[in-house]
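Novice: In the working numbering, the protein residues as written are 233 to 747.
Heads up, the beta-carbon is just placed ideally off N, CA and C, and yes, glycines get one too.
Set out below in structure tokens:
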């Protein structure tokens with residue numbers, strides 16, 4: 233180890249991976265205690281010496297505490313010692329103190345790559361991913377192949393919600409040789425994108441050398457196990473719109489994994505009524521989804537839909553889809569056969585449709601994402617429609633609450649007005665601004681997503697246009713480690729927001745349990 237103690241210090245992917253002992257324990261006999269000194273410098277030196285002793289014993293919590301006291305009393309330590317102490321401040325959970333000290337070091341020595349890389353790590357650990365990426369970029373502008381700067385950048389991309397962009401960096405580092413922290417980051421990125429096969433294969437290649445690495449490996453296996461547990465779900469929702477349509481919906485679902493395939497069984501019962509009729513609908517389906525390769529996702533459903541009314545009947549419903557990763561974006565397409573079960577009139581009329589849909593999605597710098605989609609639908613009452621949508625979304629650099637804003641434009645056009653009970657406008661155009669806020673505390677969490685927009689269309693000889701608004705919300709709780717319960721609701725006067733085109737509201741409760 234050098235005088236500054238920097239060369240042999242393993243760097244955890246996140247400070248939570250380090251073992252931090254509680255700070256209430258009494259020092260062992262023989263260990264020096266901090267005595268009142270005649271000067272702040274002497275007191276600071278005593279705190280540093282004590283921190284060094286805790287560091288040698290791998291007592292990170294006490295080491296960080298003593299180093300924090302030392303730095304608060306005296307700023308004349310060498311840059312090497314200050315960087316060492318800043319590392320232990322961050323590993324003991326004192327991220328803000330570490331960031332302040334690292335910024336002070338860089339103010340004196342802007343070319344200190346070690347300090348700047350660790351600053352990038354600390355900023356990412358506290359959720360300031362944009363600032364972290366800026367710091368790693370400064371190092372990479374001078375040293376494009378700096379492994380630690382590349383790893384810090386890949387981790388920041390992963391934690392900022394863009395794991396796909398980090399994957400190529402992780403792979404580039406691993407081409408030089410196997411590395412635990414890089415392999416861990418790649419496996420976590422695969423897991424967050426649903427590539428279970430890649431996460432499992434990566435976990436098998438992990439060879440821990442330090443205690444924190446063994447802890448991270450166990451945590452990864454626990455996260456993979458959590459993501460692939462069998463689950464059961466149940467829910468109820470009530471729907472009402474301005475045309476006096478009412479729906480009571482009851483759902484049951486189950487999911488399980490075999491190999492790298494996730495299977496699901498779902499049942500949805502709909503009891504629908506309006507002032508002049510009532511009807512019921514049963515939908516039973518089997519689904520399968522997988523990512524057989526990092527770049528490919530496939531899935532599909534198959535089932536039966538049955539109506540219970542004066543014109544009872546059954547029909548096959550199903551879908552098939554695929555998406556591929558291109559650069560850092562995704563392109564997907566699918567075909568589906570569906571039945572309308574959104575109002576009693578639609579159920580009674582037995583309206584069915586075939587949908588051919590496609591989309592392209594791409595992440596932009598600074599947590600922006602753009603998406604475009606098209607859906608062609610062919611209806612059983614000799615009608616057709618084209619539905620085009622485009623959107624841009626930005627996630628702000630906040631950790632809790634998480635805040636995002638976006639804009640969506642939509643064009644919907646039907647060949648004719650069928651009179652079958654669904655919203656079938658000509659030249660429908662809407663512009664919508666969206667906001668979403670997610671907040672979690674303890675076992676509870678809340679999501680609110682209001683929106684406002686402007687719409688225009690032609691229908692039944694009229695050309696209505698104007699402002700619309702609406703939103704959705706969720707209040708949930710982790711009732712146990714494997715049970716989530718949610719209350720949800722939504723509503724809007726956006727004509728294109730519901731199948732019938734009327735102002736509506738909906739609320740309900742749902743539960744999901746993993747085993």
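#1: Does the distance from the CB of residue 440 to the CB of residue 433 come in under 7 Å?
#2: Starting from residue 575 and walking both ways along the alpha helix (DSSP H), at which residues does that stretch end?
#3: Would residue 523 be called buried (16 or more neighbouring beta carbons within 10 Å of its own) or exposed?
#4: How is the alpha helix (DSSP H) around residue 412 delimited, first residue to last?
#5: Taking C-alpha atoms, which residue in 498, 503, 591 and 632 lies nearest to residue 550?
#6: Just how far apart, CA to CA, sit residue 703 and residue 473?
#7: Are the CB atoms of residue 607 and residue 580 within a distance shorter than 7 Å?
#8: Can you tell me whether residue 562 is buried or exposed, with buried defined as 16 or more other CB within 10 angstroms of its CB?
#9: Provide the residue(s) that pair with residue 547 in DSSP beta bridges, ordered along the chain.
#10: Residue 745 to residue 694, Cα distance in whole Å?
#11: Just tell me which of 698, 722 and 696 has its CA closest to the CA of residue 707.
#12: Taking the alpha helix (DSSP H) that residue 443 falls in, what are its first and last residues?
#13: Measuring straight from C-alpha to C-alpha, what distance separates residue 288 and residue 281?
#14: Could you name the residues of the same chain whose beta carbon sits closer than 6 Å to that of residue 351, not counting the 5 residues immediately before and after it, in chain order?
#15: Between 690, 470 and 323, which lies nearest to residue 574 when the distance is taken from Cα to Cα?
#16: Give me the Cβ distance between residue 380 and residue 349, rounded to the nearest whole Å; I'm assuming they're in contact under 8 Å.
#17: So, for residue 665: in the same chain, excluding its five sequence neighbours on each side, which residues have a beta-carbon less than 7 Å away from its beta-carbon?
#18: Which two residues bound the contiguous alpha helix (DSSP H) that contains residue 275?
#19: Hey, how far is the Cα of residue 370 from the Cα of residue 383?
#20: Below 8 Å on the Cβ atoms is my guess for residue 554 versus residue 565; work out the distance and round it to an integer in Å.
#21: What runs of the beta strand (DSSP E), each 3 residues or longer, lie entirely inside the region 584-630?
#22: If you scan the region 627-669 from start to end, which runs of the beta strand (DSSP E) of 3 or more residues do you find wholly inside it?
#23: Please state the DSSP three-state secondary structure of residue 344.
Specialist: Reading off the structure:
#1: No, the Cβ-Cβ distance between residue 440 and residue 433 is not below 7 Å.
#2: Unbroken run through residue 575: none, as it is neither H nor E.
#3: Looking at its Cβ environment, which holds 16 or more other Cβ atoms inside 10 Å, residue 523 is buried.
#4: Run containing residue 412: 412-424, per the alpha helix (DSSP H) assignment.
#5: When each option's Cα is compared against that of residue 550, the closest is 498.
#6: Cα to Cα, the separation comes out at about 15 Å.
#7: No, Cβ-Cβ distance for residue 580 and residue 607 is not below 7 Å.
#8: With at least 16 other beta carbons inside 10 angstroms of its own, residue 562 counts as buried.
#9: Residue 547 is bridged to 537.
#10: Rounded to whole angstroms, residue 745 to residue 694 spans 49 Å at the Cα level.
#11: Of the candidates 698, 722 and 696, the one whose C-alpha sits nearest the C-alpha of residue 707 is 722.
#12: Residue 443: member of the alpha helix (DSSP H) spanning 443-459, first to last residue.
#13: Their Cα atoms are separated by approximately 11 Å.
#14: Result list for residue 351: 334 and 367, in chain order.
#15: The option with the nearest alpha carbon to residue 574 is 470.
#16: The pair is a contact, with the Cβ atoms about 5 Å apart (cut-off 8 Å).
#17: Here the set comprises 639, 683, 684 and 685.
#18: For residue 275, the uninterrupted alpha helix (DSSP H) segment begins and ends at 272-288.
#19: Counting only the Cα atoms, residue 383 lies some 14 Å from residue 370.
#20: Contact flag correct, Cβ pair sits at about 6 Å.
#21: As far as the region 584-630 is concerned, its whole beta strand (DSSP E) runs of at least 3 residues are 584-596, 600-611 and 615-627.
#22: Runs found: 634-646.
#23: Three-state result, residue 344: coil.
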